[in-house]
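Engineer: Sharing a structure with you now.
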Amino acid sequence: MGSTYKYTEDSIRQIEFLIPRLKYSLYPTKIIQWLENFDGPDVPFAIDILRIFEYISFPEFMFRLDSLLKELLKKIPKEDKIIIFPYGKIGKSGTLVTYPLRNTSAFKRREANILLTHDFKYIKDSEQYKHIIFLDDFIGSGKTFCDEFEGSGVKDWILDNNIEKIYLLSAIIMNEGKKKIEGNYSKIKIVSEVRHKLFDENFSPYKAFSKNTYKSVKNIVNKYGKKIIVNRPPNQFLPFGYGNSESTIAFFHGTPNNTISLIWGKTKEWKALYPRKVDVRMSEARELKKEINYYLSICEKLGININSGINLIDKMPDRRKETTRRMREQNQAAITVLFLKNKSYENIYVCQILGITREELKYIFIELRNKGLVTNDYKSITNSGKALLLELNKVTKSEKIRNETENNLTIKKHLYLPQMFKGLT
């Protein structure tokens with residue numbers, strides 16, 4: 001399983017076209033790594049999945065919530081008091097929606113009459129509220145909402161407190177989940193963007209593509225999904241997502257398990273495109289800052305020859321075991337920090353220049369200490385560190401002279417033809 005991505009003018013252009021569709025949420029290399037999960041003949045159909053994939057960034061998430069809440073509040077008289085209830089456990093998707101919701105213009109206009117709470121049991125003067133709005137980011141099969149509505153006690157609380165109207169606000173709801181909730185609770189009014197299953201016989205987006213696309217994409221979703229373990233036995237494989245929801249949605253804060261598993265599943269053999277959990281994305285963000293590409297632009301501006309610096313620092317003896325060193329080494333960051341600290345910049349200034357956190361800076365200092373380039377208290381550069389910077393300066397100067405000489409000696413490709421020679425044209 002897997003292939004090496006073939007770089008051609010056409011294949012690079014296809015990646016270029018996908019990036020805006022995915023709201024610039026991924027680097028081209030990330031997309032290519034994911035495409036390399038697939039066998040060569042399947043890659044075009046994997047690209048077809050991304051053509052219709054829906055990534056919701058934070059600004060767009062706020063925009064959608066604002067639009068939907070505005071639509072919902074039109075149904076409620078301005079003087080009526082409202083409860084907005086992000087259901088589910090603290091930290092789950094429902095409660096994560098509260099911050100962006102609070103900052104929408106629709107919420108702020110009616111804020112005086114809105115109670116946003118995670119616990120309905122402790123609402124004071126509950127008799128003054130006539131409406132309750134359940135809040136979530138995404139609803140797939142509808143099972144989670146139904147279980148919460150029945151099992152948390154909120155259903156009985158609504159009856160006991162004579163709440164007149166019940167609404168469910170979600171950025172996106174799958175059509176199957178919508179039908180389930182409306183079938184079980186006819187009085188609940190749902191306000192959400194509706195999405196159909198990826199392979200719905202009537203509403204699949206691939207119905208707008210060639211006839212072969214629908215069948216081929218479905219085959220590869222099933223083929224690879226059956227090899228990606230994402231759950232405990234006996235249901236360890238979810239090729240079409242939890243509850244066979246066939247969703248193609250990811251959010252800035254995570255990916256629903258209702259989304260087809262070849263997007264978010266991760267194993268030794270399979271690289272995820274949009275990991276399910278936000279902590280995985282946090283880890284990826286940290287790893288990005290360890291890559292040489294992250295430092296190229298700032299090093300060029302600072303006049304640091306980063307490749308020479310990496311070569312010099314790599315030769316330094318290290319206190320750690322070889323395996324530990326290789327796993328944690330980030331020479332490009334170390335040489336940049338060493339350069340800046342030699343200019344007596346404060347740590348907070350170094351963090352701002354490099355766009356890193358204090359914690360990340362601490363680990364870079366540990367790197368420098370293990371190579372004997374800074375003192376044990378991290379406050380001073382050692383003689384070895386100063387010697388390395390002097391050597392880097394020499395190398396940089398010689399490289400600059402050599403490059404300029406080579407440039408001057410380069411034979412120009414254009415031929416100068418004078419418009420006039422000895423008074424003749």
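UniProt numbering puts the first residue of the sequence shown at 1, with every later residue one more than the last. Note that beta-carbon positions come from the ideal geometry of N, C-alpha and C, so glycine has one too.
1) Is the CB-CB distance between Asp48 and Thr213 below 7 Å?
2) Relative to the alpha-carbon of Glu79, which residue among Phe17, Ile249, Arg109 and Lys155 has its alpha-carbon at the smallest distance?
3) Taking 7 Å as the cut-off, decide whether the C-beta atoms of Leu389 and Thr382 are in contact.
4) Ile163 and Tyr122 look like a contact to me (Cβ under 8 Å); what is the Cβ gap, rounded to whole Å?
5) Taking its Cβ as the centre, do 16 or more other Cβ atoms sit within 10 Å of Ala387, making it buried, or is it exposed?
6) Taking all protein chains shown into account, do 16 or more other C-beta atoms lie within 10 angstroms of the C-beta of Thr4, making it buried, or fewer, making it exposed?
7) Which term fits Tyr24, buried or exposed, when burial requires 16 or more other beta carbons within 10 angstroms of its beta carbon?
8) Could you give the distance in angstroms between the alpha-carbon of Met62 and the alpha-carbon of Ile313?
9) Looking at the unbroken alpha helix (DSSP H) that takes in Pro100, where does it start and where does it end?
10) Can you tell which of Lys362, Ile158, Ser192 and Ile220 has its C-alpha closest to the C-alpha of Glu127?
11) Less than 7 Å separating the beta-carbons of Ser204 and Val230?
12) Grab the span of the alpha helix (DSSP H) containing Met174 for me, first residue to last.
13) Evaluate contact between the stretch 249–268 and the stretch 64–72, counting only Cβ atoms and requiring at least three cross-stretch pairs below 8 Å.
14) Under 7 Å Cβ to Cβ from Glu246, same chain only, skipping five residues before and after it: list those, please.
15) Can you name the start and end residues of the alpha helix (DSSP H) that Arg13 belongs to?
16) Assuming Ile249 and Ile364 are in contact, meaning their beta carbons sit under 8 Å apart, how far apart are those beta carbons, in whole angstroms?
17) Can you name the start and end residues of the beta strand (DSSP E) that Ile139 belongs to?
18) With a 10 Å radius around its C-beta and 16 neighbouring C-beta atoms as the bar for buried, classify Leu409 as buried or exposed.
19) Using the DSSP secondary-structure output, state which residues sit across from Phe252 in a beta bridge.
20) Along the chain, which unbroken stretches of the alpha helix (DSSP H) at least 4 residues long are found entirely within the stretch 193–256?
21) Which one of Ile353, Ile298, Phe251 and Pro233 has the shortest CA to CA distance from Pro275?
22) Going by C-alpha distance, which of Glu54, Ser141 and Asn370 is nearest Lys179?
23) Buried or exposed for Thr144, please, with buried defined as at least 16 other CB atoms from any protein chain shown within 10 angstroms of its CB.
24) Considering only residues of the same chain and omitting the five flanking positions on each side of Glu71, which have a CB-CB separation below 8 Å?
25) Just the C-alpha distance for Leu116 and Lys81, rounded to the nearest angstrom, thanks.
26) Do Phe339 and Ile304 count as a contact pair if the criterion is CB distance below 7 Å?
27) With distance defined between alpha-carbon atoms, name the residue in Trp34, Ile298 and Gly40 nearest to Ile263.
28) Would DSSP call Phe85 helix, strand or coil?
29) Rounded to a whole number of angstroms, what is the C-alpha to C-alpha distance between Ile114 and Asp160?
30) Measuring CA to CA, which of Leu73, Val154 and Leu26 is closest to Ile54?
31) For Glu391, which residues of its own chain have a beta-carbon under 7 Å away from its beta-carbon, when the five flanking residues on both sides are left out?
32) Given a cut-off of 7 Å, decide if Leu135 and Leu169 are closer than it, judged by their beta-carbon atoms.
33) Buried or exposed: which applies to Ile348, given that a residue is buried once 16 or more other Cβ atoms fall within 10 Å of its Cβ?
34) From Thr98 to Tyr206, what does the alpha carbon distance come to, in whole angstroms?
35) Do Leu69 and Ala112 have their C-beta atoms within less than 7 Å of each other?
36) Does the separation of the CB atoms of Gly309 and Ile335 fall below 7 Å?
Structural biologist: Reading off the structure:
1) yes
2) Arg109
3) no
4) Going by Cβ atoms, the distance from Ile163 to Tyr122 rounds to 16 Å, so no, they are not a contact pair.
5) exposed
6) exposed
7) exposed
8) 46 Å
9) Thr98 to Arg102
10) Ile158
11) no
12) Here Met174 belongs to no alpha helix (DSSP H); instead the beta strand (DSSP E) covers Lys165 to Met174.
13) no
14) Lys197, Leu198, Phe199, Phe240 and Ile260
15) Glu9 to Arg21
16) With 8 Å as the limit, Ile249 and Ile364 do not qualify as a contact, their Cβ atoms being about 37 Å apart.
17) Tyr129 to Ile139
18) Bear in mind that the predicted position of Leu409 carries a pLDDT of just 43, short of 50, making it unreliable; the figure below should be weighed with that in mind. So Leu409 counts as exposed.
19) DSSP lists no partner for Phe252.
20) 211–225
21) Phe251
22) Ser141
23) buried
24) Val191
25) 11 Å
26) yes
27) Trp34
28) strand
29) 20 Å
30) Note that residue 54 is Glu in the sequence shown, not Ile. Checked all of Leu73, Val154 and Leu26; the closest Cα to Glu54 is Leu26.
31) Leu312
32) yes
33) exposed
34) 34 Å
35) no
36) yes
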